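Enquirer: Below you'll find the structure I mean.
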């Protein structure tokens, strides 16, 4: 298969994932679940961010903003970040979260969102 085909497939997957995240955030807001401050991490260290939203994973490694922005909250260690905080940029969301991870850590985004919606309210 050509590189162009893979690029189109990836773009379609990202578009579906963005739509799912936006619907998830809208549903939480509709239910009155307020977004909270998101914290980034580097190993055991935690960093303040200027982002708000909800965590997608219990370990705090992924978050979603009120407009459906997808954040990977694992950052490189930084002394400056410990004092000033960090500002993670929104990332392209995958349809399969944790692809390539250990067995049992990979999950399709809609299933992850369904579980988090049940947990958050």
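Residue numbers (full-length UniProt numbering): 1 to 121. Ideal placement from N, C-alpha and C gives every residue a C-beta, glycine not left out. Please read these numbers as outputs of a predicted model, since none were measured by experiment.
#1: Jot down the residue ranges of each uninterrupted beta strand (DSSP E) in the region 20-55, minimum 3 residues, whole runs only, in chain order.
#2: According to DSSP, is residue 122 helix, strand or coil?
#3: If you draw a straight line from the C-alpha of residue 93 to the C-alpha of residue 51, how long is it?
#4: Please state if the CB of residue 40 and the CB of residue 49 are separated by a distance shorter than 7 Å.
#5: Report the start-end ranges of each beta strand (DSSP E) in the region 78-103 that is 3 residues or longer and not cut off at the edges.
#6: Are the CB atoms of residue 69 and residue 35 within a distance shorter than 7 Å?
#7: Using the DSSP secondary-structure output, state which residues sit across from residue 62 in a beta bridge.
#8: Leaving out the 5 sequence neighbours to the left and right, which residues in its chain are closer than 8 Å to residue 82 when beta-carbon positions are compared?
#9: With burial defined as no fewer than 16 other Cβ atoms inside 10 Å of the residue's Cβ, what is the status of residue 54: buried or exposed?
#10: Tell me where the alpha helix (DSSP H) around residue 67 begins and ends.
Expert: Taking the definition as stated:
#1: 36-42, 45-55
#2: This structure gives no information on residue 122, because the portion of the chain shown stretches from 1 to 121.
#3: Along the chain shown, read from residue 1 onward, the residue named residue 93 stands at position 93. Along the chain shown, read from residue 1 onward, the residue named residue 51 stands at position 51. Each residue's Cα considered, the two are about 17 Å apart.
#4: Here residue 49 refers to the residue found at position 49 when the chain shown is read from its first residue. Here residue 40 refers to the residue found at position 40 when the chain shown is read from its first residue. Yes. Within cutoff.
#5: none
#6: In the chain shown, the residue the question calls residue 35 occupies position 35. In the chain shown, the residue the question calls residue 69 occupies position 69. No, the Cβ-Cβ distance between residue 35 and residue 69 is not below 7 Å.
#7: Here residue 62 is taken as the residue at index 62 of the chain shown, counted from 1. Answer by DSSP bridge pairing, in chain order: 72.
#8: What you label residue 82 is simply residue 82 of the chain shown in a count that begins at 1. Hits under 8 Å: 45, 47.
#9: Here residue 54 is taken as the residue at index 54 of the chain shown, counted from 1. So residue 54 ends up on the buried side.
#10: On the chain shown, residue 67 is found 67 positions in, with the first residue counted as 1. Run containing residue 67: none; DSSP gives neither H nor E here.
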